[in-house]
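Worksheet: the structure to be examined is printed underneath.
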Amino acid sequence: MDNQNRTKDGRIKWLILLIPTLTIGAWEYVRHAFLLPYISMDLGNLLAPFIVLAVTLTLVRGLFARLEHSQQALQIEKGVKAALEERESLARELHDGISQSLFLLAVKLDQLDEHSHEGPVRELAAGLRETVRVMHEDVRQAIANLREPPSPAAAAWIVPLRVLLGETAELTGSKAEFVWTISDDGLTDKEKVELHACVREALMNVRKHAKASHVYVVGETDGAGGFRCTVEDDGAGFNGDPLNTRGRFGLRMVRDRAEAMGWEFRAERKGGRTVVELLKRGDGKR
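Encoded structure:
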């Protein structure tokens, strides 16, 4: 595809160079062969630059537009290719590093369990094994997401969130509801990436800690260019400030991402539910 674009761009460049020259040559031939009895030499010389200008504003200008469009498409293609290569590299690092380390840790925990006959030690090993299992599953999911090329279809970035919500409900035995009215063209590519990451992290937090019977994901616009996105559950919730709890990094990551985007972040217990909210205030323009 890259070579085809380069060949196409080369042809356009040659046409841009040749068309003015061919135009002058064609005009001189027509003038001397057919128009000399009607148009004087001085008038012909005067008309020549205007004819070249007219051709430039029509044919050559169109060729420049096509060349610019081709260059933009080439840059987008290079960007996508670079992003895919980076995603593959990250996936490979996760697989070769963290994933294999977790596997070896699980094997060592199995060995500890086999050689231990004390109840507390066996319970501790079982708890650690479950933690490692969840972490390993998260890493595998991250690898799968990195190696899956992003789809150009409209709102394709929302689909993994629905899938993750369904998996969360299935794993925790809860009921799930997904309501999304934020239009795909209402967000920039950067906003889609960050909002996806925030909602995913909030759902993973529910999956690991909440023990909820109902989980809700709601995304809605405010009619003025902004949006409100919430992840709610009726699970165990949290004690105190969840952003200052040791070993709980998920909500801090969501807060940091939101603040970097200029969004408002809120995490609280409300009416027996844990609510994680992201809010982008609109500017009134539509």
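Counting the sequence shown from 1 gives a position; my numbering is that position plus 538. Cβ atoms here follow ideal geometry from the backbone N, Cα and C, with glycine treated the same way.
Taking 8 Å as the cut-off, decide whether the C-beta atoms of V744 and D771 are in contact.
-> Working through the sequence shown from its first residue, we reach residue 744 at position 206. Working through the sequence shown from its first residue, we reach residue 771 at position 233. Yes; because the gap between Cβ atoms is below 8 Å, this pair is in contact.
Considering only C-alpha positions, which residue in the set V593, E566, A592 is nearest to D580?
-> The residue you call residue 580 lines up with position 42 of the sequence shown. Per the Cα distances, E566.
Secondary structure of G757, DSSP reduced to three states | If you number the sequence shown from 1, residue 757 lands on position 219. Looking at G757 - three-state DSSP - the assignment turns out to be strand.
To the nearest angstrom, report how far apart E623 and L647 are at their CA atoms.
-> As a working note, residue 623 is residue 85 in the sequence shown. As a working note, residue 647 is residue 109 in the sequence shown. Taking the straight line joining both Cα atoms gives about 35 Å.
E806 - partner residues in DSSP beta bridges = In the sequence shown, residue 806 corresponds to position 268, counting from 1. BP columns for E806 point to V813.
Backbone CA spacing between G773 and F716 [nearest angstrom] | Translated into positions along the sequence shown, residue 773 becomes position 235. Translated into positions along the sequence shown, residue 716 becomes position 178. Between G773 and F716, the C-alpha separation is close to 17 Å.
DSSP three-state assignment for P688, whether helix, strand or coil = As a working mapping, residue 688 is identified with position 150 in the sequence shown. Only weak support exists for where P688 lies, its pLDDT of 48 falling under 50; the coordinates are left without a value.
Note the first and the last residue of the continuous beta strand (DSSP E) segment covering A592.
-> On the sequence shown, residue 592 is found 54 positions in, with the first residue counted as 1. Looking at the DSSP string, A592 is not in any beta strand (DSSP E); the run it does join, the alpha helix (DSSP H), is 579-593.
If you drop the 5 nearest sequence neighbours on each side, which residues of the same chain put their C-beta closer than 8 Å to that of A707?
-> Position 169 of the sequence shown holds residue 707. Answer for A707: K713, A714, V753, listed in chain order.
Of the choices G820, L789, E797, I589, whose alpha-carbon is the least far from that of A536?
-> This structure cannot speak to residue 536, because the chain is shown only from 539 to 824.
Kindly list the residues whose CB is nearer than 8 Å to the CB of L573, restricted to its own chain and excluding five residues on each side of it in sequence; keep chain order.
-> Counting from one through the sequence shown, the residue named residue 573 turns up at place 35. Result list for L573: G582, in chain order.
In this structure, what does DSSP give as the bridge partners for H752?
-> Along the sequence shown, read from residue 1 onward, the residue named residue 752 stands at position 214. Answer is K713, bridged to H752.
Hey, is G724 close to the ligand GDP, as in C-beta under 7 Å from one of its heavy atoms?
-> Absence of the ligand GDP is noted for the structure shown, with no ligands found whatsoever.
Would you grab the beta carbon distance between V756 and L699 for me? Rounded to a whole angstrom, and I think it's under 8 Å.
-> If you number the sequence shown from 1, residue 756 lands on position 218. If you number the sequence shown from 1, residue 699 lands on position 161. With a Cβ gap of about 12 Å, V756 and L699 do not count as contacting.
Endpoints, the beta strand (DSSP E) within which V769 is located | Numbered from 1 along the sequence shown, position 231 holds the residue referred to as residue 769. Note, V769: beta strand (DSSP E), 765-771.
Mind checking L825: buried by the 16 CB within 10 Å criterion, or exposed?
-> This structure gives no information on residue 825, because the portion of the chain shown stretches from 539 to 824.
Have a look at L816 and A592 and give me their C-alpha separation to the nearest angstrom.
-> To locate residue 816, count along the sequence shown from 1; it is residue 278. To locate residue 592, count along the sequence shown from 1; it is residue 54. Approximately 55 Å between the Cα atoms of the pair.
In angstroms, rounded to a whole number, what distance separates the CA positions of A611 and E732?
-> Locating residue 611 in the sequence shown gives position 73, counting from the first residue. Locating residue 732 in the sequence shown gives position 194, counting from the first residue. Using only the alpha carbons, I get a separation of about 24 Å.
Between A692 and D722, what straight-line distance do the alpha-carbon atoms span, to the nearest angstrom?
-> The residue given as residue 692 occupies position 154 in the sequence shown. The residue given as residue 722 occupies position 184 in the sequence shown. For A692, the predicted model reports a pLDDT of 36, less than 50, meaning its position is unreliable and no value from the coordinates is stated.
Quick one: what does DSSP say R819 is sitting in, helix, strand or coil?
-> The count along the sequence shown starts at 1 and reaches residue 819 at position 281. Correct three-state label for R819: coil.
Quick one: Cα of V645 to Cα of R819, how far?
-> Along the sequence shown, read from residue 1 onward, the residue named residue 645 stands at position 107. Along the sequence shown, read from residue 1 onward, the residue named residue 819 stands at position 281. V645 and R819: Cα-Cα distance of roughly 49 Å.
Short check: CB of L553 to CB of L595, under 8 Å?
-> The count along the sequence shown starts at 1 and reaches residue 553 at position 15. The count along the sequence shown starts at 1 and reaches residue 595 at position 57. Not closer than 8 Å, so no.
Cβ neighbour criterion (16 or more within 10 Å) applied to F588 | To locate residue 588, count along the sequence shown from 1; it is residue 50. Counting Cβ neighbours within 10 Å, F588 comes out exposed, since fewer than 16 surround it.
Measure from the alpha carbon of E758 to the alpha carbon of each residue in T710, A796, G724, L597, then state which is nearest.
-> As a position in the sequence shown, residue 758 is number 220, starting the count at 1. With distances taken between Cα atoms, E758 lies closest to G724.
Identify every residue that forms a DSSP beta bridge with W718.
-> To locate residue 718, count along the sequence shown from 1; it is residue 180. G757.
Report the residue from I720, S608, S578, Q609 whose alpha carbon sits nearest the alpha carbon of A762.
-> Locating residue 762 in the sequence shown gives position 224, where the first residue counts as 1. A762 has its Cα closest to that of I720, out of I720, S608, S578, Q609.
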